[in-house]
Structures are given as C-alpha cells and as structure tokens.
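J.: In the numbering used here, the protein residues as written are 128 to 649. Mind looking over this structure? Questions follow.
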Amino acid sequence: MDGEGGSSGLVKSAAVKLSEMSERTKQLGTAIKDPHQQRRIILVIVCVALLLDNMLYMVIVPIIPDYLIELESQQAEHVHVVMHPNSSANSTSQDKSNKDNLDVQIGVLFASKAILQLLVNPLSGTFIDRVGYDIPLLIGLSVMFVSTCIFAVGENYATLFVARSLQGLGSAFADTSGIAMIADKYTEESERSRALGIALAFISFGSLVAPPFGGFLYEFAGKKVPFIVLACICLADGVLVLTVIKPFSNRTRENMPVGTPIYRLMVDPYIAVVAGALTVCNIPLAFLEPTIANWMETTMHSSQWEMGITWLPAFFPHVLGVYITVKLAAKHPHLQWFYGALGMVIIGASSCTVPACKTFGQLIAPLCGICFGIALVDTALLPTLAFLVDVRHTSVYGSVYAIADISYSVAYAMGPIVAGQIVHNLGFVQLNLGMGLVNVLYAPALLLLRNVCQMKPSYSERDNLLDEAPQGLYDTIKMEERRAKKKGYSSAGNCLSVDENGFDTFKAQRSLSEDSSGTENT
128 MDGEGGSSGL VKSAAVKLSE MSERTKQLGT AIKDPHQQRR IILVIVCVAL
178 LLDNMLYMVI VPIIPDYLIE LESQQAEHVH VVMHPNSSAN STSQDKSNKD
228 NLDVQIGVLF ASKAILQLLV NPLSGTFIDR VGYDIPLLIG LSVMFVSTCI
278 FAVGENYATL FVARSLQGLG SAFADTSGIA MIADKYTEES ERSRALGIAL
328 AFISFGSLVA PPFGGFLYEF AGKKVPFIVL ACICLADGVL VLTVIKPFSN
378 RTRENMPVGT PIYRLMVDPY IAVVAGALTV CNIPLAFLEP TIANWMETTM
428 HSSQWEMGIT WLPAFFPHVL GVYITVKLAA KHPHLQWFYG ALGMVIIGAS
478 SCTVPACKTF GQLIAPLCGI CFGIALVDTA LLPTLAFLVD VRHTSVYGSV
528 YAIADISYSV AYAMGPIVAG QIVHNLGFVQ LNLGMGLVNV LYAPALLLLR
578 NVCQMKPSYS ERDNLLDEAP QGLYDTIKME ERRAKKKGYS SAGNCLSVDE
628 NGFDTFKAQR SLSEDSSGTE NT
C-alpha cells in the first residue's frame, strides 16, 4: 500500500510539473506574439550574440600565446634531438629568432579576425539590406559556433588561424545584423539610444571579463573547456533565434525596401565623420591590449594576475559612461556630437597619462578614463548613424552598421600588428602620446554633426500610409500593400528642400503622385 501511495504521489508531482511547464510555454508564446515583449526578447538574443563574439575575441588572450609557446618548445626539442642527438648547447641567437617569429605569428593570429571582418563587412552589409536581419544573424551564430568548436579541438597554428578567421566571418554577419536589428526595432530615438547602450554594455562585459574567465578555466580545466562553454551558449542563442525570430517563416521579402548602397553611405560626409570617430576612439584600446602587458612587466614588474585583470576594473566606468550618455541624450538630444567630442578628449588625456604610471593602482585610473571615453563616443554616435540613415537615406540599417563594424575592425586589425612595431621602433611613451594627440585633434571634427538633430525625415511615407505603430524594416511591405487602397493622398507640409537633408525628396513625391494618378485612371 505504501508503494502504491508513493507511486501515485510521484505521478501527481510529475503532472503538476508538466502543467507548470505547459503554462510557462504558453506565457512565452504570448510574450513572443506581443510586439513590445518580442523586441525585448530580440534585444536579449542580440546582446548574448555580441557578448559571445567579444568573449571569443578576448578569451584567447591568456590561452593562445601560452599554448603556442608550449607547442613551439615541443617542436624545437624534437628537432634538436633529431638533428643534434649528442649536443646540449642552445644557440641564444636562434632562441631570439624563434621568439620574434612567434610574436609575429601571435600578432597575425590575433589580427586575422578583424582583417577578415574588415574584408567581409561591405558584402555582409549589402546582404543584410537585401534579406533582412534575422537570417544573417543566424548565419553569424552558426559560423561562430563552428569557429569555437575548432578552437576547442585545434592543436596547431594553422587550425587556430582558420578558427580565428572564421570568427571574423561570423562576426561580420552577427554583429552587423544584430546592431541593425536593434536600430530597426527601436524607432524612437530615446529607446534606440537605451537599447544600443545595453548592447554596448554587453560588448564591454564580454571584452573585459573574457581574459580572466579564459585564464582561470585554462589553468584549472585545460584549453578545451573555455571554448566548449562558449560553444554551448552560442548554440542556445541560435536555438532562440530559430524559435523566437523564426527567420525562415514565410515573408514577402521581395517587397522589402531597397537600402542605400554602402558606397553611397561611405561618401556621406556625416557618416564618414562618425565612422572616423569610431575608429580613432578605439585605437588606444586596440593598441594597448597587445602591448601593455609587456610594458607592465618591464617597468613595474607586475605579477601575472595583475596583467590578467588589467582591464577588468575599466568595465564599471564603461557602463557608467553608457548610462550617463543615455540619460543626457534623452534630455538633450541635440548635444550628441558634444558627448562624442568630450569622450574623445577624455580618451586623449587618459592615453597620454598611461606612460606616467609607476604602479598597478595608478594605471587603473587612465585605463578607466579610456573606457569611459569610449562609452561616451559609442553610445552617442551609434544611434546617430541610424538617425542619419533615417533622414538622409532609406531606413534600412545593414550597410550603415557594416560601416561602423568596418571602423572598429580597422583599429583592431592594426593593433596587434602595428602597435608592437611602434613600441619597438619609437617606444611605449611615443605610442601613447601619438594616440592621445590624434583623439584630441579629431574631436573638433564632430562639430560637423551639431545641426544633425535639426534634420527631419523629408518624406515620411510611414507616418502617412500606416495606421498602426511602426514595426521597423517591414513597414514598407505594409505600405506597398496599402498604397493601392490609399487615394487622394496629400503630402503638403511634409517635404523639405533638396539641400536641407541632402537628397531629392520631391522626386519621391512625384513618383508616388504618378502611381496614384495611374491607379485612378485605370
């Protein structure tokens, strides 16, 4: 009897758990259908993708150099035993040559991700504009998953180089489509700034936490474990994309708006100024990451744990910078250019003070200043790119955020290769003074953006043809479907001159008028 009572109790508890799971599934399904809840879930998915990409970018910093040195020593011992079985003498010049060669290999390996990302971004931006944001995001996560698995099993330089390059390919799709999707879903400027600020916080968290995360797991669990953990998270995020965003559901993709070609966006002076600022402000971070550890070891005799957590304290001022900029942008949106310029001045001043530091505690302050300034620049200028596309081009964001990704990639492609040569030829002090000076001198260029906030959409078909709230990229699909039903459309009072926003708005007006008159005649 006791056995039967126990089994019935187990059955009842299992039934209760199943009903709870069913209720949670229904709640998730309801949340997915609600547009406001859906875009929050999409923001979480994109933020996880950005976190993964930046963790994978930085997690190899404490792992790969040590692993390659171990492989190099094993190969050297094997060659020495085969070629000179009775000799125990080591050539100092040969050791130095091997070390220099290994440094070059590590620099090329680190830079290969950004280099391939730089080459692929023009193509990925155009592809995203053509097919939407969801499929490229899934492609990027899939490639990043494969790349992470290759990192886990790779046991030679060639395999690790392929894995690093594949990560650049995946990032060109995942990062660009993810940021563009956020800009598309959050159409209000204040909401867009807040959402992009959250994404930037995840990027910062991934970049700054990954080295201690990777170093700890590598030390106590081996090389494979950090990459296996990241691969599992990547797989889970891909499953969320399939279940929530449903990239392969039936959609009228042929009616999607045609985005402005990327080459036309590149020659837009406002976008070019923003892209230049994004590159310049990230140069100190990109150039210091591969060089500061050796300088700390040489000048202040830092321990391994100090070099490992060098950038970790900078996460908090970065998040603070994002928060402050979002709040200020909500109250004073016309000063976005000023927040960016102020950030570049802070970066320049902080970079110049790095060589003057004599202890680890002193070094934390300028590094925090650099990350705080980068937060100001990124948080102020990334939403500005979307706004510029809205008022001067077509509201499709793949290509413009591909340009932003190119800007970042230029800095991080040069960093591992160029920074070491500058330090070797000119010195660490000159490197920092040069980076600081470039940032301070570029800040006045952002004055060009001071009147951007006064621009208004020249010809807002969305406002006139849609009754419901805008849903982002697919508004134009609905617009096309309802255009035939809309007669007697008046566009008076909603057009600006050609030279005010930089493009011919009357051409679009005449085109729509001709379509309407043709429909009435038929």
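C-beta atoms are modelled at their ideal positions from N, C-alpha and C, and glycine is treated no differently. Since the structure is predicted, the reported quantities are computational estimates derived from the model, not experimental observations.
Between the C-alpha atoms of A456 and L503, what's the straight-line distance to the nearest angstrom?
T.: A456 and L503: Cα-Cα distance of roughly 11 Å.
J.: Within its chain, find whatever has a CB closer than 6 Å to the CB of G295; leave out the 5 residues flanking it on each side and keep chain order.
T.: The residues are K240, L243 and Q244.
J.: Can you find the residues in the same chain that come closer than 7 Å, C-beta to C-beta, to A301, ignoring five residues on each side of it along the sequence?
T.: Contacts found: A176, D180, L264, G267, L268 and M271.
J.: Using the three-state DSSP reduction, which class does S292 fall into: helix, strand or coil?
T.: Helix, per DSSP.
J.: Using the three-state DSSP reduction, which class does V175 fall into: helix, strand or coil?
T.: Note: V175 maps to helix in three-state DSSP.
J.: Report the three-state DSSP secondary structure of P249 (helix, strand or coil).
T.: Helix.
J.: Grab me the residues of V539's own chain with a C-beta within less than 6 Å of its C-beta, minus the 5 sequence neighbours each way, in chain order.
T.: A quick correction: the sequence has Tyr, not Val, at residue 539. Closer than 6 Å at the Cβ level, and outside the excluded window around Y539, lie A241 and A413.
J.: Less than 8 Å separating the beta-carbons of S304 and Y184?
T.: For S304 and Y184, no; Cβs fall outside 8 Å.
J.: Could one say the Cβ of V567 lies closer than 8 Å to chain B's Cβ atoms, at least one of them?
T.: Reference to chain B is not applicable here, since this structure consists of a single protein chain.
J.: Run through DSSP, which three-state label would I491 get?
T.: Of the three classes helix, strand and coil, the one that applies to I491 here is helix, per DSSP.
J.: Would W438 pass as a contact of L576 if the rule is Cβ separation under 8 Å?
T.: For W438 and L576, no; Cβs fall outside 8 Å.
J.: So, with DSSP's three-state summary, where would you put I325?
T.: Residue state, collapsed to three classes: helix.
J.: Considering R391, what are the terminal residues of the alpha helix (DSSP H) in which it resides?
T.: From DSSP, the alpha helix (DSSP H) with R391 extends over I389 to M393.
J.: Taking one C-beta from the stretch 525-534 and one from the stretch 382-396 each time, how about it: are there three or more such pairs within less than 8 Å?
T.: Yes, they touch.
J.: Within a Cβ cutoff of 8 Å, which residues of the same chain sit near V368, ignoring the five residues on either side of it in sequence?
T.: Excluding sequence neighbours, V368 sits near I172, D261, L264, L265, L268 and P374.
J.: Check each candidate in L195, L344, P460 and R291 and name the one with the smallest Cα separation from N578.
T.: Ranking the options by Cα distance to N578, first place goes to P460.
J.: Flag this pair as yes or no: are the beta carbons of G542 and E416 separated by less than 8 Å?
T.: It is a contact, given that the beta carbons lie within the stated cut-off.
J.: May I ask you to report which of helix, strand or coil DSSP gives M471?
T.: DSSP places M471 in helix when its eight states are reduced to three.
J.: On the CB-based measure, 16 or more other CB atoms within 10 Å of its CB, does N552 come out buried or exposed?
T.: Answer is exposed; the Cβ neighbour count stays below 16.
J.: Out of curiosity, what's the CA-to-CA distance linking Y450 and C580?
T.: Distance between the alpha carbons of Y450 and C580: 21 Å.
J.: Using the beta-carbon count (16 or more within 10 Å), is A483 buried or exposed?
T.: That one is exposed.
J.: Is G341 buried or exposed, if buried means 16 or more other CB atoms sit within 10 Å of its CB?
T.: Classification for G341: buried.
J.: Based on Cα-Cα distance, which residue from G470, S536, V186 and Y535 lies nearest to L357?
T.: Closest by alpha carbon: V186.
J.: By how many angstroms is the C-alpha of P339 removed from the C-alpha of L568?
T.: Roughly 35 Å separates the two Cα atoms.
J.: Determine the closest residue to A492 out of L469, I190 and A441, with distance taken between C-alpha atoms.
T.: Cα-wise, what sits closest to A492 is A441.
J.: Hey, N232 and Y194 are a contact pair by Cβ (cut 8 Å); roughly how many whole angstroms apart?
T.: The sequence shown places Gln at residue 232, rather than the Asn named in the question. Incorrect: roughly 12 Å between the Cβ atoms, too far for contact.
J.: Determine the burial state of H445: buried for a count of at least 16 other Cβ atoms within 10 Å of its Cβ, exposed for fewer.
T.: The residue in question, H445, is buried, as its Cβ has 16 or more Cβ neighbours within 10 Å.
J.: Taking Cβ positions, are M423 and S478 nearer each other than 8 Å?
T.: Their beta carbons are not under 8 Å apart, which means M423 does not touch S478 by this criterion.
J.: Quick check on the DSSP output: what are the complete beta strand (DSSP E) runs of length 3 or more inside the stretch 408-435, in order along the chain?
T.: Runs of the beta strand (DSSP E) inside the stretch 408-435: none found.
J.: Could you give the residue range of the alpha helix (DSSP H) that holds C484?
T.: Taken as a continuous stretch (DSSP letters only), C484 belongs to no alpha helix (DSSP H), as it is neither H nor E.
J.: Could you have a look at Y260 and say whether DSSP puts it in helix, strand or coil?
T.: Here Y260 sits in coil by DSSP.
J.: Short check: CB of G500 to CB of M471, under 8 Å?
T.: Result yes, Cβ atoms of G500 and M471 sit closer than 8 Å.
J.: Starting from the N-terminal side, write out each stretch of the alpha helix (DSSP H) that is 4 residues or longer and does not extend beyond the stretch 348-374.
T.: Here the runs fully enclosed are 351-367.
J.: Is it buried or exposed for A402, if we count other Cβ within 10 angstroms and need 16 for buried?
T.: When all chains shown are included, A402 counts as buried.
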